[in-house]
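**Q**
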Amino acid sequence: MLMVIFFIPFPVNAGVGQTTPINLILENTSLKEVLQKIESQCDYTFAYNASRIDVSQKVSVSYTNASLTEVLNNLLKEKNIAYEFIDEKIVLTPKETNTESKPEVVPQEGKKITGTVTDASNGSTLPGVSIVVKGTLTGTVSDIDGNYSIEVPDELSVLVFSYIGYQKVEILADKSIIDVALRPIATQLEEMVVVGYGSSSKKLLTSSISTIKAEEITKYPSSNIDQAIQGKSTGVQVVSNSGTPGGGISVRVRGISSINAGSNPLYVVDGIPVITGDYGQIGFSGQTINAISDLNPNDIESISVLKDASATTIYGSRASNGVILITTKKGAAEKTSINFSAYYGVQQAAKTLDMLNAREFMEYKNEASIASGGLPVYSQEEIDNNTIDTDWQNEVLSTAPIANYELSASGGSKATKFYLSGNYFTQDGTLIGTGYDRLNGRANLDFKVNDRINVGTNIGLSYSVNDRKEGDQSLNAPLANAIAMPAIYPVYNDDGTYNDDGPYANPVSIGNLHTNKSYAFRNISNIYADIKILDGFTFQTKLGADYYNLREHTYDPPTTRQGGKYNGLGIESTANVINLVSNNILKYNTEINDKHRINALLGYSFESYQRRSTYLRGQDFPNENFEYIASAASITEGSASALDRGLNSFFGEVKYDLSYKYLFTLSGRYDGSSKFGENNRFGFFPAASAAWRISEENFFGVKAINDLKIRASYGLTGNDGIPDFAYMNLYSSGANYQLNPGIYPSQLPNPDLKWESTAQFDIGFDLAMFDSRLTLNFDYYNKQTKDLLLYRPVPPSSGFGSYISNIGEMKNNGIEFLIAGKVIQSDFTWDLNTNFSLNRNEVTKLYNDQPIDQIGRGENSVRVGYPIAIFYNYESLGVDPSTGDLVFKDVDGDGEITENDRTMIGDPNPDFIGAFTNNFSYKGFSLSVTLQYSYGNDIFNGTRRYIESMKGQDNQLSVILDRWRQAGDITQVPRATNADLNNNDRASSRFIEDGSYLRFKTVRLAYNFNKEILDKLKLSRLELYVVAQNLFTFTNYSGMDPEVNYAGDDDLRYGTDFFTYPSARVVSAGINVQF
Amino acid sequence: MTMKKYIILSILVTVLFSCAKLDIDPTQSIAADKAIRTPSDLNQALTGCYDALQLAGFYGRHTMLSAELSSDNATATGTILEFNDISLNNLLSNNTISEAIWNACYIAINRVNNVLYYLPNIEGLSEENKNDVSGQLYFIRSLAYYNLVSYFGDVPLRVSPTLSTDDLNLPRTAKAEVLSQIVGDLNTAKINITTNTTGRASAAAAEALLAKIALYESRWADAETFATHVIENYGLSLVSDYSTLFNNDNNSESVFEVQFNDQDKNRIAEYVLPTSLGGRYEVSPTEDLINSFSTEDLRLNASFDGFDDKPYCKKYYQISSGADRVYVIRLSEMYLLRAEARIQQQADFGLINADINAVRQRAGLEDLSFQDYNALLQELLLQRRLEFTFEGQRWFDLIRNNLAVQTLPTVTSSDQLLFPIPYSEINTNTAIGPENQNPGY
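If you're matching them up, the sequences are chains A and B in order. Counting the first sequence from 1 gives a position; my numbering is that position plus 2. Counting the second sequence from 1 gives a position; my numbering is that position plus 608.
Pasting the structure below:
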């Protein structure tokens, strides 16, 4: 039962701050403090040269409902201080009416120096910059145009230019005109970071959080946020499971922490957890739809990745896998700006497999037949006169375009801020018949109703169309069929129809004739109200709705092989998912004695989730022109289903800091979910952390270090990612026979079923040196997960395959570090940035230590004492030169090769991952190169198991031409034999390959036009760029792409390639314009 | 001030009155203790047991195809590596097909055990009805155990449902004991079953299964008795045209079959038809099998086609609806079973010839009159082979008559006559370890 919040637009105060009433009564207070108090009551800040204006003088003031102008006039005039409003600042300069306030030293032979001060990053002029002759009190302030004029005693004087937020510059006063460009300080430590249910100063954080800013996200073309954050944060492993446009991407924060309950982090957009996952009902076995791909990366202001317990605990039972907080752009009370950006690029598959051509195939078939005692399949004439030699991979892969167009406007006044955007993204896949198009719109509005109340709304809409083709594990997949189809079959027959003589359905015909589209409409919106109740207390309530509508439509016309089987096959399915979230938070901030600060929050949240889906399948269509089930003669399947879920939570956090030096945080959350039975419905998750800013201590004398903080945290988080009703003893419907409905026992009960919980310890430090020119962040973490939700395999003779219970334990520990430095800073700049993450996973307990084996095509295994999802199977010692068969290692030494000889043959978890970025700029040009790497991850090349098997109908890899043929041959490929009594093609280390790679992930060259040209064009920014993605990949992996997971997001079917769609190399050109 | 107060109030009220429900019921399932309480529930649970027979690991596909591939009737001509291994009689214990057979049979057994458990407490049902239902359940369970024993040998014997995780680990029980259990059940069933619908268990079916078990255990006299009873007492008769057995109509020869329809389909047609007809051509008849038919044999063209290029079985052809039925027992098997039993008892030649000729006549062949038991046995096995192509019999015929090793070139040891106990069972069942695996695996 939900009531809608009404908000009545209040008459907005048209005040511009200058007319805001000031109320101030102070006795004998320093001018500095008075100015600070005035600052807190209006929207301006004071700028002045403290060496020229005595702000320590004591004053007494009494203002009641006075306007700012009145106050300034009253306060400053009699002290001979002039003031001027410049943008958001009030610049104070001493009036030269009184000789007593003149600067002390006026050199006799004074030299006058003039010049202009500008901002080095964008060329705009800087008013209010303080310019002082070093070692004296002589100084001045730049005017509104950035011009200044100062007298120096001699040529050996040094001028010091300083301005808040910019790096100080000292210059020898050897010329009469000196123009200076000031560089903005690396604002890393002064910035605010979005954290759970609020934001915090980065300097004062006690937990481990990575942030990614908007420029990093939109710099490189990507359809999807997950893709955009790859390589940008330590501790986060992003793997593009395949090159499927709009397809699912695996994101793991600090390793895999679960076996069955999912390892995806929680995604929160503007404070509201959003729906993620794959709601597709048409089995694509492998490549899934990614619900997070509906968000427009250009709308994002920043992403915070919460990694340790202290940061994530406030999300309680869903936080074990980390939390990704996404904040969308807001307007700002500056002038309105309009942005237009666009890019267009081409993609191509970086690598294809080397398969046998027609002649080689026919010869191989003959040899195989003769070797098993048969006759040659093809006569010598047939081989010599054959004209058909189809390069099937070439037929289905092609260069494909990708483009994006974005228009946005942001701006506002004191009372209203807005951000509006519209975006169109379109991508054709390199594989025939695939593509992803998306339209996004966003309106973020914030209103300041009055001094106490802010309200606002964020509305994000998206509509996407995904053209899909069946993925890997099917006989109807264009790529798989193209790889496995022998070259002796043509694409078309002489009469122009598709040739269908081959062992598999013609992949070009599937690509062109088979329709499979999914349409997703998404609305992620929220409205909020922020109310200042009393001094220090604010109450925020936010109501969010995430609505996801997915419609899938597929049609196989009777003209295709798949469709021909059923005389036309159509499937139509829909899923409607709504998640309503209500967050209600009471915050309290207080400051005691200018020394103690407390920030506390207390919140209550509930989520209500509803999913309704339908599924319809029809056969027997009149002909290929009728595509919808209305034309189907028989409806062979029709169903509808429903699912509801609920979550109620209480959470709280207290942050205490002492003098900005000693920082403590305590947080906790209490969650109740409908997924668990009565016995364990609620769970409590606490965390504590502390930090010490050593650099602020008086005893800290290292000048080179401007900021050093060490921090540590410990806490408990949970993972609830199991299917609903898993604790119940269930009978399910669907066991029908002879058109009668039937039920069957489907699930064994477990009333004690509860959350997985992870206890995480983190210790780290953040270091900034040389005025933040060099920054270093380091973390060590240790995660212990217990009560793993496991579908414990049970003896199939019980009639069940598995039983869900909380058994099992796993641990992850690792280190992360991030180094960023500004190597060269002059006209030519060079910044570099490297991040490195290392994680070690180990399964420490399973039910009776019984391993879970043979999972998926890679035959991954979960075993105690090993990392999760290792490859555990026979180890091949190579081909025996005398027999041509593989020799397998007899691990137990009993003289026979049995199941006991299976051993660990590979680990898909990488030893370490990271990225290395170099940014160069010179005048308006900038070059950015990012390398991304993963080392030590093994891949099970499941594709080779079929196309190197030398059995069956498949085309084979060229490498089989080197196979063993006679005694004495030394080779890696065993003999071709139909009988294969040695089972040479069993899953063994023969198919395990090193998947380590180093990739030129992005190379971007851009030119930013300078101020003069911009002024002429009346623009404030114009950038042109070209960018190449996945330019080169250095790897030993023989398959198409070392970044591969055939089963999509699955934690267990991990690191396996099975005819999987590879990622593309992309080259694009783009333009960014700001008006 | 008042406006502000109202806003705040309405917000607070909204917040406090909206709450997420945490007590939610599933919509496609029901809690077990509420599931089987009324006669209507019982009916649905019974339907669920028949549904288990349709599983791909069971009569939905693998039991029949595995038996054909293991024998000299069929060979693997498609893409599935596991079929290839079965065809070469060289399986690994993790062969997914043999695992599927094991799993499906035990799913059927557990479903039956569950219903039997709740059956006594159903109210509103007469004793006859209850016995009819229990008889059908015994039949389904016996069919599952019969398959398990035939494929795997000694298997765990479960006669009560798995209700919790307390009793998951049962050791292998000697097959003689398993068979003795099901023989007892079937004897009860054959008296109690009153249902007589095609596709469902019947008294005839129970008795026919008893005949097959007797033959398996070499109890020739029992086999003869049961077979005779089935032939004479249930109004069953051979159809005159062999090919009509494989159309969509019910017939008088079916003793027990598993039925499918387009909303509840099987994929056998998809697996046996050639690619030109939209199939996968995974399992196809051997040249040896085709050549074993004489040219006048009507069964050749009724069972197979595509002789010039890719011969395929056409008994399962409804690829788009997946509605082909799967025969478990036909009346003609009872004739041949009785003949075999009589041969082993060295009974009267006339009777034996008559039974074999009943099948031969229907196939358009001339009558025989052999006077030698060896020749009769040869002929009998040949007729069994030709009559029941792609019906899952040949493999067991060869084993039963100790002919597998000499007939099949890929079988060199009697170890290969049993499938391995699935790796997944050995791995999880504390009462069955690698040392309990069938020899040779």
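The beta-carbon is built from N, C-alpha and C at its ideal position, and this holds for glycine as well.
Do Pro882 (chain B) and Ala682 (chain B) have their beta-carbon atoms positioned less than 8 Å apart in this structure?
**A** Contact: no.
**Q** Work out the CA separation of Val134 (chain A) and Pro105 (chain A) for me, nearest whole Å.
**A** Unreliable placement is indicated for Pro105 (chain A), whose pLDDT of 46 sits below 50; the coordinate value is still reported in the next sentence. The alpha-carbon atoms of Pro105 (chain A) and Val134 (chain A) are separated by roughly 11 Å.
**Q** Distance cutoff 8 Å, beta carbons only. Does Gln958 (chain A) sit that close to anything in chain B?
**A** No - not a single Cβ of chain B is within 8 Å of the one on Gln958 (chain A).
**Q** Between Thr562 (chain A) and Ala486 (chain A), is the Cβ-Cβ spacing less than 8 Å?
**A** The answer is no: Cβ separation not under 8 Å.
**Q** Leaving out five residues on either side along the sequence, give the residues of the same chain with a beta carbon under 7 Å from the beta carbon of Phe678 (chain A).
**A** The residues are Tyr729, Leu755, Lys756.
**Q** In terms of alpha-carbon separation, which member of A:Val154, A:Ala770, A:Arg775 lies closest to Arg695 (chain A)?
**A** Out of A:Val154, A:Ala770, A:Arg775, A:Ala770 has the C-alpha closest to the C-alpha of Arg695 (chain A).
**Q** Run through DSSP, which three-state label would Thr687 (chain B) get?
**A** Residue state, collapsed to three classes: coil.
**Q** Is there a C-beta anywhere in chain A that falls below 8 Å from the one on Leu733 (chain B)?
**A** Chain A, which has no Cβ nearer than 8 Å to the Cβ of Leu733 (chain B), makes this no.
**Q** Using Cβ-Cβ distances below 9 Å, what residues of the segment 737-758 of chain A are close to chain B?
**A** Listed in sequence order: Ala737, Asn738, Tyr739, Gln740, Leu741, Asn742, Pro743, Gly744, Ile745, Tyr746, Pro747, Ser748, Gln749, Leu750, Pro751, Asn752.
**Q** Taking 8 Å as the limit between beta carbons, can you name the residues of its chain near Asn899 (chain B), skipping five residues before and five after?
**A** The answer is none, since no qualifying residue turns up.
**Q** Using a C-beta cutoff of 8 Å, does Glu901 (chain A) count as contacting chain B?
**A** Yes, contact with chain B.
**Q** Given that a residue counts as buried once 16 or more other Cβ atoms are within 10 Å of its Cβ, and exposed if not, what is Asp1043 (chain A)?
**A** When all chains shown are included, Asp1043 (chain A) counts as buried.
**Q** For Cys657 (chain B), which three-state DSSP category applies?
**A** Helix at Cys657 (chain B).
**Q** Decide if Thr99 (chain A) is buried, meaning its Cβ has at least 16 other Cβ atoms within 10 Å, or exposed.
**A** At Thr99 (chain A), the pLDDT of 49 sits below 50, so the modelled position is not reliable and the matter cannot be decided from this model.
**Q** Residues of chain C with CB closer than 8 Å to the CB of Glu639 (chain A), please, in chain order.
**A** Protein chains in the displayed structure are A and B, and chain C is not among them.
**Q** By Cβ distance below 7 Å, which residues in the same chain neighbour Ala782 (chain B) in space, the five residues on each side in sequence not counted?
**A** Around Ala782 (chain B): Asp762.
**Q** Which class does Arg947 (chain A) belong to by DSSP, given the choice of helix, strand or coil?
**A** Of the three classes helix, strand and coil, the one that applies to Arg947 (chain A) here is helix, per DSSP.
**Q** So, is the C-beta of Asp631 (chain B) closer than 8 Å to a C-beta in chain A?
**A** True, the Cβ-Cβ gap to chain A drops below 8 Å.
**Q** Mind listing the chain B neighbours of Ala1049 (chain A)? Cutoff is C-beta to C-beta under 7 Å, in chain order.
**A** Simply none; closest approach about 16 Å.
**Q** Check whether the segment 1017-1030 of chain B touches the segment 703-723 of chain B, counting contact only when three or more Cβ pairs, one atom from each stretch, lie closer than 8 Å.
**A** Touching, yes, given that three or more Cβ pairs across the two stretches are closer than 8 Å.
**Q** Can you check which of these residues, B:Ile694, B:Ala797, B:Arg749, B:Ala812, is closest to Asn721 (chain B) by C-alpha distance?
**A** Nearest option by C-alpha distance: B:Arg749.
**Q** What would DSSP say about Asn525 (chain A), mapped onto helix, strand or coil?
**A** DSSP places Asn525 (chain A) in strand when its eight states are reduced to three.
**Q** I'd like to check one pair, Leu26 (chain A) with Lys34 (chain A): are the Cβ atoms closer than 8 Å?
**A** Contact flag unset, no.
**Q** Between Val270 (chain A) and Asn784 (chain A), what straight-line distance do the alpha-carbon atoms span, to the nearest angstrom?
**A** Going by the C-alpha atoms only, they are around 24 Å apart.
**Q** Who are the near neighbours of Thr95 (chain A) in its chain, counting only those whose CB is closer than 6 Å to its CB and skipping five residues on each side?
**A** For Thr95 (chain A), where only same-chain residues beyond five positions count, the Cβ hits under 6 Å are Ala84, Val143.
**Q** I'd like the ranges of any beta strand (DSSP E) spanning at least 3 consecutive residues and lying wholly in the segment 901-935 of chain B.
**A** Qualifying beta strand (DSSP E) stretches: none in this window.
**Q** Between which residues of its own chain and Leu2 (chain A) is the CB-CB distance below 8 Å, once the five residues before and five after are set aside?
**A** What the structure shows of chain A is the stretch from 3 to 1077, and residue 2 (chain A) is not part of that stretch, so it cannot be assessed.
**Q** CA-CA distance, Glu878 (chain B) and Gln564 (chain A)?
**A** Rounded to whole angstroms, Glu878 (chain B) to Gln564 (chain A) spans 11 Å at the Cα level.
**Q** May I ask you to report which of helix, strand or coil DSSP gives Glu397 (chain A)?
**A** Three-state result, Glu397 (chain A): helix.
**Q** With a cut-off of 8 Å, does the C-beta of Thr1020 (chain B) fall near any C-beta of chain A?
**A** Taking Cβ atoms only, chain A never reaches closer than 8 Å to Thr1020 (chain B), which makes this a no.
**Q** Using a C-beta to C-beta distance shorter than 7 Å, which residues of chain A count as neighbours of Pro764 (chain B)?
**A** Going along chain A in sequence order, the residues near Pro764 (chain B) (Cβ under 7 Å) are Ser799.
**Q** Hey, could you find the ends of the beta strand (DSSP E) Ile632 (chain B) is sitting in?
**A** Note, Ile632 (chain B): premise wrong, no beta strand (DSSP E); not H, not E.
**Q** Would the segment 1053-1064 of chain A count as touching the segment 323-336 of chain A if we require 3 or more Cβ pairs under 8 Å?
**A** Judged by Cβ distances under 8 Å, the segment 1053-1064 of chain A makes no contact with the segment 323-336 of chain A, as fewer than three pairs qualify.
**Q** Evaluate contact between the segment 498-515 of chain A and the segment 356-376 of chain A, counting only Cβ atoms and requiring at least three cross-stretch pairs below 8 Å.
**A** Contact fails: fewer than three Cβ-Cβ distances are below 8 Å.
**Q** Is it buried or exposed for Tyr920 (chain B), if we count other Cβ within 10 angstroms and need 16 for buried?
**A** Tyr920 (chain B) is buried by the Cβ-count criterion.
**Q** When you compare the CB of Leu645 (chain A) with every CB in chain B, is at least one pair closer than 8 Å?
**A** So yes, Leu645 (chain A) belongs to the interface.
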